[in-house]
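Student:
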DNA sequence: TCATTAAATTGTT
DNA sequence: AACAATTTAATGA
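Residue numbers (our numbering): 25 to 248.
1. Does DSSP put residue 135 in a helix, a strand or coil?
2. So for residue 177, helix, strand or coil by DSSP?
3. Excluding the five sequence neighbours on either side, which residues of its own chain have a C-beta within less than 7 Å of the C-beta of residue 136, listed in chain order?
4. Can we say the region 141–151 touches the region 171–190, given the rule of at least three CB pairs closer than 8 Å?
5. Please say whether residue 144 and residue 40 have beta carbons closer to each other than 9 Å?
6. Are residue 82 and residue 122 close, meaning C-beta to C-beta below 9 Å?
7. Where in the region 140–169 do unbroken runs of the alpha helix (DSSP H), each at least 4 residues long, occur, reported from the N-terminal end onward?
8. CA-CA distance, residue 219 and residue 174?
9. Can you look up residue 321 in the DSSP assignment and give me helix, strand or coil?
10. Name the residue from 50, 197, 45, 156 whose alpha carbon lies nearest to the alpha carbon of residue 108.
11. Select from 127, 120, 115, 34 the residue whose C-alpha is nearest the C-alpha of residue 285.
12. In terms of residues, what are the limits of the alpha helix (DSSP H) holding residue 242?
13. Buried or exposed: where does residue 161 fall if 16 or more other Cβ atoms within 10 Å of its Cβ makes it buried?
14. Can residue 127 and residue 203 be called in contact, C-beta distance under 9 Å?
15. Hey, would you say residue 197 sits closer than 9 Å to residue 181, going by beta carbons?
16. Whole angstroms is fine: what's the gap from residue 195's alpha carbon to residue 35's?
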C-alpha cells in the first residue's frame, strides 16, 4: 500500500460517499512522510485532524511518571486513528511515532466534522471504530498484568489484525521482530522466542520480515 | 537476466 | 549485548 487513493478505496467508509463527497475529502487530505523513529505530532501540539496510515507502521506510546514507556496501540497501514482527540477538540495527548518509514494522511478536523454531518455511513463507521477501540483498551488493561511475554506478543498481533479497525491488513503482516519488540515493550530476543513458541502452537508462521497469522482467534484467546 | 554487494533481519550465545 | 547466518534489495554488466 503506497497511495492515498488506494488506502481510501480500502477504507470501509469510503465507498459510502458519493462522487462529490469523495472528491472533496480527497482534496482536503494532506499526506506527510515520516522517517523511521520520527515523531509525527508532539504531545500537546495542535490536532491537525484525523490520521490515517497510508504506508508503514506507527505506534502511540505513553510515558509513565517513572520514565518507563508503554505502547497504547500500534496502527498498521490502512488504519485510521485519533478520532477521540478530534471529536473532543482538544490537543492530542499522545505522541505518534513511526516504527519504520511511514506515510500519514491527515484529514483536517473541519472535513472530519463535515463528514459526520453529511455521511451517515461515515458516522456509523466511527461508532463501530470507537466501540472496537474501547474493547481494545479494556482488554489491554486486563491483560497487561496477567499475560506473559508470549501472551503479549499474541495479543499485539491479534490487535494489528483486528479487521474492524484495520480492514486491509492481510494474513501476512510485514513487521520485523524488533518492531514487535517496540510495540510490546519486550526485547527483540524475547519476541523471537515468543514467536517460536506461538509457531509451535500453530497460531502463526514466521518468515523473513514478517509473520503470517494462522489463527487470529487463537492469538486473541491465548493465555499464558 | 544474472552475479555481486550492501543492508536488513533473524537465530543464537 | 554481540555475533554469525540468512534473506532481501540494489546495482551494474
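Yeah, the Cβ is synthetic: ideal placement off N, Cα and C, and Gly gets one too.
Tutor: Looking at the coordinates:
1. helix
2. helix
3. 73, 74, 110
4. no
5. yes
6. yes
7. 144–168
8. 7 Å
9. As shown, the chain starts at 25 and ends at 248. That puts residue 321 outside it, with no answer to give.
10. 156
11. Nothing can be reported for residue 285, as the shown portion of the chain is limited to 25 through 248.
12. 240–245
13. exposed
14. no
15. yes
16. 17 Å
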